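Step one of this worksheet: look at the structure below.
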Amino acid sequence: RVMAERAAIKPGDRVLDCGCGIGGGCIWLAENVGAKAEGINISEYQIRRGRQLVKERGLEGRVELHVGDFADTGFPDESFDVVWGMEAMSYAPDKRKLVREIYRLLKPGGRLVCSDGWMNDRDPKPELDAVVREWLDCWAVPHLAGAEEFKGYLREVGFADIKFWDAYDYAIRSSYRMYKYSLLAYPVAKVLRWVRLRSQAQWNNVRAAYLQYKGLEGRAWIHGHFVATK
686 RVMAERAAIK PGDRVLDCGC GIGGGCIWLA ENVGAKAEGI NISEYQIRRG RQLVKERGLE
746 GRVELHVGDF ADTGFPDESF DVVWGMEAMS YAPDKRKLVR EIYRLLKPGG RLVCSDGWMN
806 DRDPKPELDA VVREWLDCWA VPHLAGAEEF KGYLREVGFA DIKFWDAYDY AIRSSYRMYK
866 YSLLAYPVAK VLRWVRLRSQ AQWNNVRAAY LQYKGLEGRA WIHGHFVATK
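The sequence shown begins at 686 in the numbering used here and counts up by one.
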């Protein structure tokens with residue numbers, strides 16, 4: 686809701702959700718805003734599941750989900766009114782390439798809106814670099830762009846009216862809950878991993894839930910929203 690309001694998404698806008706998962710954002714935009722929402726994701730399984738949800742909710746024709754790379758979509762130039770990313774753009778190996786693709790896809794006057802994690806490159810905390818690196822490895826995130834670094838990429842390609850909101854006061858609540866539950870799960874998860882009843886990926890998820898809070902609380906990384914206009 687916050688992202689939709691800040692990007693001024695209105696009925697009939699064509700919105701591309703980069704890294705759409707099973708299409709939750711697209712479904713929400715179609716049902717609550719009246720947007721024509723499309724999603725792109727590299728996971729064929731998630732897209733199949735998302736298409737099933739779209740059909741169950743009677744949203745065919747209003748929501749379309751595609752398998753593909755959001756940094757190299759293949760869509761024509763100036764196809765979308767809004768490009769949207771919710772905790773997905775951080776997975777792009779090359780953030781500068783992604784920004785160029787987003788700019789290409791937007792119509793003149795179109796908006797980018799993204800909510801994600803960013804390194805605190807205005808006031809770096811090098812003492813927490815190892816904590817952040819382990820957390821990102823556990824969640825298979827190649828790296829977080831710095832907030833100022835990403836703002837520079839946006840300016841570089843021609844975006845204007847760039848705004849950033851630091852959502853720490855809200856994000857820290859969810860971050861702490863995740864951390865608290867990781868402490869409860871930690872001993873059991875460790876034993877289950879040792880006896881091979883849980884995968885390495887499942888163990889990594891528990892470990893990441895612990896580490897992400899340490900980094901956010903220490904302000905090594907921040908959670909926030911960007912909005913920018915082509």
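Each residue gets a CB set at the ideal place from its N, CA and C atoms; glycine is no exception. Predicted model, so just to flag it, every value in this text is computed and none were measured.
One Cα belongs to K899, the other to E745, and the distance between them is close to 42 Å.
A893 carries a helical assignment under DSSP once its states are collapsed to helix, strand and coil. In the three-state reduction of the DSSP assignment, G802 falls in the strand class, which pools E and B.
Take V784, set aside five residues on each side of it, and the residues of its chain with a beta-carbon closer than 7 Å to its own are Y838, L839 and V842, in chain order.
The continuous alpha helix (DSSP H) containing M863 extends over residues Y853 to W879.
Taking the CA atoms as reference points, R818 sits about 9 Å from L896. With a 10 Å radius around the Cβ and a threshold of 16 neighbouring Cβ atoms, E729 comes out exposed. The Cβ-Cβ distance between D702 and W803 does not fall below 8 Å. In the three-state DSSP reduction, C703 falls in the strand class (E or B). In this model, R781 and E834 are separated by some 9 Å (Cα to Cα). As DSSP reads the structure, R796 sits in a beta bridge with V767 and T914.
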